[in-house]
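Inspection log for the structure reproduced underneath, given as structure tokens.
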Amino acid sequence: MFPYQDPTGTSFLASQGALDAYRSKLHRRYEAAAQEAGTRFVTLEKFQQLRPGVQPQDVVIPWEAFPIKQAGSSDTRIDRDRSELQEEYVEWNLETEGSEIKTITFTTEFPEYFEALADVNFDALVAGLKEIIPDANPSSQELLGLSSPPSALIADGLVGGKTWTVLNRVTGMPSESAKEPFLLRGDRGNAVARLQERLHLLNLVSVVDGDFGPGTERAVIKAQQTYTGAGHFFQEQLSKNPWNNGQNGIYCMLQRFNTLPFLFNLVTLCSVPKNASPQEMCGIVDPECVPERNSDPIVCSTAQRAVQGDSLLSLKDPAGIRIVEMKGLWRVNGTPIEINDPASNQGIWTVSRGGRRGVLRLVPGLELDGLRIRTGSQVARKLMVGADVLVASASDFQ
Amino acid sequence: MVRVTHSSIPIDIGTNHRSSSAPPNLTHSRTSAARPYGLRRILSHLLQRVLVVCLIVCLTFSSMPEAWAQVQPQLLKQATDTSAAESMTAEEIAGLNDPFFNLLLKDHLDTQTVNGISQRLRPDRQETFVVHERIVDNSPTVGGGSPASRRSIITFDGNTDGEELNRNVMLSVFFNSESFPSVPDIEAMAWDEGNGKFNYYKLNEARGEAAPSWKFRGDSKGADLLSASAREGTCMACHIDGGMVMKEFKAPWNNWHSRNFQAEYLFPGARDQWPVVDATNSPLKDGPAGAVSLESTTQSANQRLNERRMAGMKNGDRVTDAKRLLKPLFVTTEFNLMSSFETAGNHPFGNGRPSNNKIFLPISFFLNSDLMGGIGVETFQFNEFTDLDTEEYQAVVNRGKTRLGNQDGDTHFAWLTPEASNIDTIYVEKLINDGVVPESFVAAVLAVDLETPVLSGDRAALWNADDILPTEFRTGRNNDLTSQTIRNLERLNPSSDSPEGQFLEALQSPDPIRFLQSKVDQYIQREQRRFDSREVRSEEIGRLYRKLLVERDKVEGDAVLSHLIESPLLFPKGDIAALPETVVDPAPLDRPTLREGDQGDAVEDLQRLLQRQSFLNGPIDGDFGPGTEQAVISAQRQFGLEADGIVGPATWEALEGTTNPQPPIDLPVLRVGDRGDDVAFLQQLLVDQGFLFGPVDGDFGGLTRAAVIRAQRRFGLDPDGVVGPATWAVLGA
Chain A
125 MFPYQDPTGT
135 SFLASQGALD
145 AYRSKLHRRY
155 EAAAQEAGTR
165 FVTLEKFQQL
175 RPGVQPQDVV
185 IPWEAFPIKQ
195 AGSSDTRIDR
205 DRSELQEEYV
215 EWNLETEGSE
225 IKTITFTTEF
235 PEYFEALADV
245 NFDALVAGLK
255 EIIPDANPSS
265 QELLGLSSPP
275 SALIADGLVG
285 GKTWTVLNRV
295 TGMPSESAKE
305 PFLLRGDRGN
315 AVARLQERLH
325 LLNLVSVVDG
335 DFGPGTERAV
345 IKAQQTYTGA
355 GHFFQEQLSK
365 NPWNNGQNGI
375 YCMLQRFNTL
385 PFLFNLVTLC
395 SVPKNASPQE
405 MCGIVDPECV
415 PERNSDPIVC
425 STAQRAVQGD
435 SLLSLKDPAG
445 IRIVEMKGLW
455 RVNGTPIEIN
465 DPASNQGIWT
475 VSRGGRRGVL
485 RLVPGLELDG
495 LRIRTGSQVA
505 RKLMVGADVL
515 VASASDFQ
Chain B
125 MVRVTHSSIP
135 IDIGTNHRSS
145 SAPPNLTHSR
155 TSAARPYGLR
165 RILSHLLQRV
175 LVVCLIVCLT
185 FSSMPEAWAQ
195 VQPQLLKQAT
205 DTSAAESMTA
215 EEIAGLNDPF
225 FNLLLKDHLD
235 TQTVNGISQR
245 LRPDRQETFV
255 VHERIVDNSP
265 TVGGGSPASR
275 RSIITFDGNT
285 DGEELNRNVM
295 LSVFFNSESF
305 PSVPDIEAMA
315 WDEGNGKFNY
325 YKLNEARGEA
335 APSWKFRGDS
345 KGADLLSASA
355 REGTCMACHI
365 DGGMVMKEFK
375 APWNNWHSRN
385 FQAEYLFPGA
395 RDQWPVVDAT
405 NSPLKDGPAG
415 AVSLESTTQS
425 ANQRLNERRM
435 AGMKNGDRVT
445 DAKRLLKPLF
455 VTTEFNLMSS
465 FETAGNHPFG
475 NGRPSNNKIF
485 LPISFFLNSD
495 LMGGIGVETF
505 QFNEFTDLDT
515 EEYQAVVNRG
525 KTRLGNQDGD
535 THFAWLTPEA
545 SNIDTIYVEK
555 LINDGVVPES
565 FVAAVLAVDL
575 ETPVLSGDRA
585 ALWNADDILP
595 TEFRTGRNND
605 LTSQTIRNLE
615 RLNPSSDSPE
625 GQFLEALQSP
635 DPIRFLQSKV
645 DQYIQREQRR
655 FDSREVRSEE
665 IGRLYRKLLV
675 ERDKVEGDAV
685 LSHLIESPLL
695 FPKGDIAALP
705 ETVVDPAPLD
715 RPTLREGDQG
725 DAVEDLQRLL
735 QRQSFLNGPI
745 DGDFGPGTEQ
755 AVISAQRQFG
765 LEADGIVGPA
775 TWEALEGTTN
785 PQPPIDLPVL
795 RVGDRGDDVA
805 FLQQLLVDQG
815 FLFGPVDGDF
825 GGLTRAAVIR
835 AQRRFGLDPD
845 GVVGPATWAV
855 LGA
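Sequence order for the protein chains is A and B. Converting from the first sequence to the numbering used here requires adding 124 to each position, the first position being numbered 1. Converting from the second sequence to the numbering used here requires adding 124 to each position, the first position being numbered 1.
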């Protein structure tokens, strides 16, 4: 499997034992995308097979965070209605004291990262949250919608319904747990192969041979010890999670179009070469591509332009959306500041987590294009986010 | 976005763009410069000027003193396109303190190419934007074979020798399908922070000059005060307030290369790629940059100009020149263009196919939505019903005998309308921000002639009158703008329907912002009734289209604003007389009691109402079948009526009275993460209809979401996985 990086640029996922769960989820997305009929979207493994000396082209596709489609909505309405209106793969939240805004937090982070942590156990999920909100003290009810987190599996090497369910959820494999047979050491056959496939995704076995031997048993025990599979509950709780719905802060996106599957779908479908102008592609793959969005048309036409030029493409690891640049003229008490330069912006704008989080601190006297910051929408108009795409000519692959 | 770093720009300082083999010539003098431009190129140059020239090339017949061309290079100035070039005094030169002057014109007047300029400015980043009224035309030739021309705008980013380049230096350069640039002329504008103004420069060859030379072409000081005649032949003809002019400020940008219309022919490797992309010195080797990036630069630069303009009209907390200060609130000083996002498909030379989607009329056609949004007034409801089918749009375009240039046709994006300009909008926002003008005062102004967002004669008249606005007023806490204005208006004792009367009523209302919102709501409701009415709808579309044509004519008829119409291809024209000026508001609907099995016009009306409120997704066929009945039942549930599927007076009233359906009480909006009996009910419906193969466990997880999406796709709904009234309805809840 491709060694997908921790998107925050740290080794945090690995330190929590969640890197393999994260990788398997991502891997499933790439695999599914590359299997779409006619698409020239390929996996990152494929990009490792470029002819020696050939470097893929790294294309940054930027767009502004403000949802232009929402013209006519007041800025305060767009600020308020995060789950409906903030739909450019970036969401924001205001932290206020009284009626005064203190900070505005932008996130482009997909929930899969935290799902992987939750898949390990509740403590790992909490640790992940504390990376962002250090004094957070979340409850299981808040993060998972459960009065207590799912308990660990019994590490007995026996594969029953619960073990199947957890393995399916952690790997993002199709969930047909109920139909899977009970398995134990000594079994052979397709069901064992399916089990091994999941264990392989989690980097616990190296061969898939349909033979439940001692290696497979050790792997099952390891999986049972490692994963509780609660990522699924985390995902479903997102809009009610007070640490993410704005009540106590935000840490990843929850709007229905701002999802990793939506991004993969868009790029995959727009990478099916058509006998049409690249910019017409968005209309062709409607509704997966929404013409009134900022993001979709430019992502779609860039992909289509690349594949019409006989290239193959993929989403660069770490797949996702990142903050590219803050535009606008920023001043503090009349003096211009270089907002994108952490060395000179006085800590007013901090981008972290591999570009997936940006926090604007509203110090007194801060102005954007001559105006005090009164809404997050005002800042979103100036914030450019984007996706990174890898492109290489088909003839450059071995 | 195209990022061109300085280091990637090939070095060629020579002026001869055609001969790539010419050695770099860093010290060429004017006399040694070859004349690479043949007759054809000069003709093409002239043609371009007719099309899109803002800073118009000098065609003076007075002769240049020969001596000037021989002595040490020195920056010249030229007052208008038709006046002679003159030398500048030392004092005038000392008044220039912008990065373009300091890095280039001060000591390097012989820098006469874009690459040469880049080398002097040494930017971290350089972006090339492209605009033209024929942007959608990929044909590399026009008018029988000459290369098609485009205008590029080049911006820079970085800090060189202490000079900030970002939003401070902009170039305008013409190119064509074969070469970049296509003419030697370069226009430049640069921000002079110390003096708070934009300086304008032009490289051109005035008559009598042996070679092109740079000239100072004036600055933005007092630009807002200039009469139409004083602007003639100057840069301020187009740069009306002295700032940057894009004319189109928001997606989808009808005439700019942007994400919404991408000029494929300017990208390397495109099927219809123009030779210029690969031409020597072309900055288009990676394709052009999208308009959105320039937009941000423009807004920042213009607001900075606005601030300096305002500063001169205030003294501490006193506004000393109220009339001049308030002008952009009452008078359309510049305009922007807006359109729907959909391609009309009848552009005379574009390749755009008609969009399959409905054409949503831009809200800013109806009212000044940007400024209203800034003061918390909601206008988005227009988006919920002002959508036209492609056929309806075609019908009205034909009815209005629409022509673009001298051919039948329309703009690339449908319904191109003038809207309030960004420079005016951010100016007013700045007045509010600084406590100079209260939001409530702004709301009261916007309430006058509400339905004319730009070029309102009524609002201009209020500003023009000598006895309405105060000459001076206090700002901040003791702001007396409103009280003085009210006093002045009361003295006039205006009738309630006059502009003065409307203004007074709004100013005196307890909360002018709510007053404005309520006027907006009434406007929305009236329009919605017309759009919903079978008899009136097409007439209303005709009336609105007439209004659109009239708005364009108003711009053309304005002595100052008409300078921004640089090409007959900017605005489609039509036959105003062929369109209705007024419509008769729809009679109250005939409201017979309806039930399954009924047919006819009343059923159509019912279906239209149901569809508008997302209860019905099926066809409007005048046939009250089971689908319509299900929709009626869903609506009745939502309105808390007896859910019997029979449409009596109460159901009619509820359907007509509602513009914003609330989530139903008994059938909530459901999405991933929800749990409970409602979810179980949903799952049972999905299982019964073969969409869900899984447990009915009351837990809305991924499987349920997938099933919902399957159902939504099947029934032609937006497959968003969220169960709202329309999804409940199609599932037969």
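Even for Gly, the Cβ is constructed at its ideal location relative to N, Cα and C.
- Interface annotation for the stretch 361 to 387 of chain A against chain B: Gln361, Leu362, Ser363, Lys364 and Arg380, criterion Cβ-Cβ distance under 7 Å.
- Here DSSP, grouped into helix, strand and coil, assigns Tyr551 of chain B to helix.
- Using a Cβ distance threshold of 8 Å, Trp338 of chain B and Leu199 of chain B count as a contacting pair.
- Using beta-carbon distances, Ala835 of chain B does not count as an interface residue toward chain A, since no partner is under 8 Å.
- Within chain A, Gly407 and Pro415 have C-beta atoms less than 9 Å from the C-beta of Ser479 of chain B, given in sequence order.
- Annotation for Trp315 of chain B: the continuous beta strand (DSSP E) segment containing it runs Ile310 to Asp316.
- The beta carbons of Arg246 of chain B and Thr213 of chain B sit no closer together than 8 Å.
- Residue pairing by DSSP places Ala511 of chain A opposite A:Ile185 and A:Ile445 in a beta bridge.
- Residues are counted here when their Cβ sits less than 8 Å from a Cβ of chain A; for the stretch 369 to 400 of chain B these are Lys374, Ala375, Arg383, Asn384, Phe385, Gln386, Glu388, Phe391, Gly393, Ala394 and Arg395, given in chain order.
- Under the three-state reduction of DSSP, Thr535 of chain B is assigned to coil, being neither helix nor strand.
- If you draw a straight line from the Cα of Phe373 of chain B to the Cα of Asp348 of chain B, it is about 20 Å long.
- Contact annotation: in the stretch 389 to 408 of chain A, residues whose CB is within less than 9 Å of a CB in chain B are Ala400, Ser401, Pro402, Gln403, Glu404 and Gly407.
- CA-to-CA, the gap between Glu321 of chain A and Thr350 of chain A works out to about 17 Å.
- Listed in chain order, the positions of the stretch 135 to 156 of chain A with a beta carbon within less than 7 Å of a beta carbon of chain B would be empty, since no residue qualifies.
- Around the beta carbon of Arg433 of chain B, a 10 Å sphere encloses 16 or more other beta carbons of the protein chains shown; the residue is thus reported as buried.
- In the DSSP assignment, Phe627 of chain B forms no beta bridge with any residue.
- Partner residues in a beta bridge of Thr167 of chain A, as assigned by DSSP, do not exist.
- Between Glu575 of chain B and chain A, the shortest Cβ-Cβ separation is not below 8 Å.
- Contact with chain A is found for Pro843 of chain B, since one of that chain's Cβ atoms lies less than 8 Å from the residue's Cβ.
- Counting the other CB atoms within 10 Å of its CB gives Lys321 of chain B a total of 16 or more, which places it among the buried residues.
- With at least 16 other beta carbons inside 10 angstroms of its own, Asp548 of chain B counts as buried.
- Nearest neighbour of Leu570 of chain B by Cα position, chosen from B:Leu540, B:Tyr517, B:Asp534 and B:Ser488, turns out to be B:Ser488.
- Boundaries for Phe230 of chain A: no alpha helix (DSSP H) harbours it, while the beta strand (DSSP E) harbouring it runs Glu224 to Thr231, taken from the DSSP string.
- Proximity of the stretch 321 to 332 of chain A to the stretch 255 to 269 of chain A falls short of the contact definition, fewer than three beta-carbon pairs being nearer than 8 Å.
- With its beta carbon less than 8 Å from one in chain A, Val796 of chain B belongs to the interface.
- Chain-ordered, the chain B residues with CB closer than 7 Å to the CB of Pro421 of chain A read Arg383 and Asn384.
- The beta carbons of Leu384 of chain A and Glu155 of chain A sit no closer together than 8 Å.
- As the crow flies, the alpha-carbon of Ser276 of chain B is around 35 Å from that of Phe506 of chain B.
- Interface criterion met: the Cβ of Gln427 of chain B is under 8 Å from a Cβ in chain A.
- If you look at Trp852 of chain B, you'll find it in the alpha helix (DSSP H) that goes Pro849 to Val854.
- Nearest CB-CB separation between Arg650 of chain B and chain A: not below the 8 Å threshold.
- Within the model, the alpha-carbon separation for Gln403 of chain A versus Glu388 of chain B is close to 8 Å.
- Between Leu688 of chain B and Cys362 of chain B a beta carbon distance of about 6 Å is seen, short of the 8 Å cut, so the two are scored as contacting.
- Of all residues in the stretch 305 to 326 of chain A, none comes within less than 9 Å of chain B when Cβ atoms are compared.
- For Ile592 of chain B, there is no enclosing alpha helix (DSSP H), since its DSSP letter is neither H nor E.
- The stretch 448 to 456 of chain A and the stretch 189 to 202 of chain A do not touch, with fewer than three beta-carbon pairs separated by less than 8 Å.
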